[in-house]
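Below is one structure, written out as structure tokens, with a few remarks after it.
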Amino acid sequence: MRSARRIGLFVCIVCCAGFVVGKSSQAYVSLLYGDDFLLALRVLGQSLKETDSTRDMVALAVSDSVSAEAEEILSLEGWHVRRVSAISNPGRWTGADAAFPPRFWAVYTKLLAFNLTEYTRVVYLDADTIVRRSLDPLFLCDGFCAVMRHSERLNSGVMVLQPSARRFWDMLARVASTPSYTGGDQGFLNEYFADFARAPLFEPHRSGRLLSAQQHQVWAPGFGLEHRDFRDPSVSMQERHDRAISAFARSLEEEEAEVEGDAAAKLKESKGSISATGEAASAMEPRAATPQSRLPMGRLPTSFNADLGLYVLNGNRWMVEASSLHVVHYTLAAFKPWD
181 MRSARRIGLF
191 VCIVCCAGFV
201 VGKSSQAYVS
211 LLYGDDFLLA
221 LRVLGQSLKE
231 TDSTRDMVAL
241 AVSDSVSAEA
251 EEILSLEGWH
261 VRRVSAISNP
271 GRWTGADAAF
281 PPRFWAVYTK
291 LLAFNLTEYT
301 RVVYLDADTI
311 VRRSLDPLFL
321 CDGFCAVMRH
331 SERLNSGVMV
341 LQPSARRFWD
351 MLARVASTPS
361 YTGGDQGFLN
371 EYFADFARAP
381 LFEPHRSGRL
391 LSAQQHQVWA
401 PGFGLEHRDF
411 RDPSVSMQER
421 HDRAISAFAR
431 SLEEEEAEVE
441 GDAAAKLKES
451 KGSISATGEA
461 ASAMEPRAAT
471 PQSRLPMGRL
481 PTSFNADLGL
491 YVLNGNRWMV
501 EASSLHVVHY
511 TLAAFKPWD
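Residue numbering for the sequence shown follows this note's numbering, beginning at 181 and increasing consecutively.
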């Protein structure tokens, strides 16, 4: 509960009451936390529409920094705009990562994509991406899928995920104590999905649906990650894993007790909301130690998140055939398609 209360100091997850889910049960989602990236999101939206996809386009717009004019423009161009409060970079208030880039002040808000439980599947796209070919096959991923780049690290600019309130609250509870090598969400997600590098390659056009947790590398809540001060180098990885498993087992017992009787009804009523004082744990779904609680993971081919930076470093040549690219990610600050 203590960590949940601390969360309340830096985030209040309040979405606009007027948000209307479209006709699709699946969605493309992006984040806007300033009008300076409005044109980027418009370009992304146009590139999605040119693939003739029928999925919803959802823009998570940070209320304090995105203007009403920007919201109106996006709405007119087909985006379902959802006003949200920012999940502030923990480095702003814990001092744990004082060196995070200032432009990353609200990138953790991207985690809200995991809480869009109105949808069965979400493909998240950073605003500085452009879609060249249809991404609809990505919705065959029933777990968590992303592209690995730069050694054994996933890139969070393109992700396929199953929204889950329980997983979202678990992430939120760990934000303050989890290291981030980037100072932002990508470093956090690499720690959270610590075993992602061992996930199998998932090729939507060849592999079919990514379904079985028994046949793929899986992630289970609490495994490989624990609540701790990550600045303490004395804790070994093995000890970290052992403690995490023990903590997860204890949490199962505690939550089973909490949801007995009337508590179960209260838990259901509070799902998806958080007060300013932050009782995040009360909004969690009860956990169950079953195979269904385990999340299949798959690595996507490079063509679904092609890095412009690597293109430039490689003498203006792509690592794969240019005709096969589905997404181009403009990771270099000096090369943005809308400038």
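Positions of the beta carbon are idealized from the N, C-alpha and C atoms, including for glycine.
Note that this is a predicted model, so its numbers are computed, not measured.
* **Exposed unless 16 or more other CB atoms sit within 10 angstroms - verdict on LEU381** => exposed
* Asked: Near SER504, what residues of its chain come up, given a Cβ to Cβ distance below 7 angstroms and the 5 sequence neighbours on each side ignored?
  -> SER483
* Asked: Are the stretch 205-219 and the stretch 230-248 touching, with three or more C-beta to C-beta distances below 8 angstroms?
  -> yes
* Of all the alpha helix (DSSP H) runs that stay within the bounds of the stretch 200-277, which reach a length of 4 or more residues? -> 218-229, 248-256
* **Bridge partners - ASN335, DSSP secondary structure assignment** => VAL327
* To do: Could you spell out the range, first to last residue, of the alpha helix (DSSP H) harbouring TYR372?
  => 365-372
* Might you give, ordered along the chain, the residues of its own chain that have their beta carbon closer than 8 angstroms to the beta carbon of THR231, omitting 5 neighbours on each side? => VAL311, ARG313, SER314, LEU315, ASP316
* Would you say ALA345 faces chain C, with C-beta separation under 8 angstroms as the test? -> The structure shown contains no chain C, having only a single protein chain.
* CA-CA distance, VAL508 and LEU480? -> 14 angstroms
* Compute the Euclidean distance between the alpha carbons of SER205 and SER255, then round it to the nearest angstrom. => 19 angstroms
* Given that a residue counts as buried once 16 or more other Cβ atoms are within 10 Å of its Cβ, and exposed if not, what is ASP365? -> buried
* Report all residues from its chain with a CB closer than 6 angstroms to the CB of PHE217; omit the five preceding and five following residues, and keep chain order. => ALA307
* Who pairs with HIS509 in a beta bridge, going by DSSP? -> THR309, ASP487
* Inter-residue Cα distance where the pair is VAL264 and VAL242 -> 5 angstroms
* Asked: Should the stretch 246-254 be called in touch with the stretch 340-349, which here means at least 3 C-beta pairs below 8 angstroms?
  -> no
* **Buried or exposed by the 16-neighbour rule on C-beta atoms within 10 Å, applied to ALA468** => With a pLDDT of only 36 at ALA468, under 50, the local geometry of the prediction cannot be trusted, and no value is derived from it.
* Tell me, to the nearest whole angstrom, how far the beta carbon of SER268 is from that of ALA286; I am working on the premise that it is less than 8 angstroms. => 7 angstroms
* To do: Decide if ARG378 is buried, meaning its Cβ has at least 16 other Cβ atoms within 10 Å, or exposed.
  => exposed
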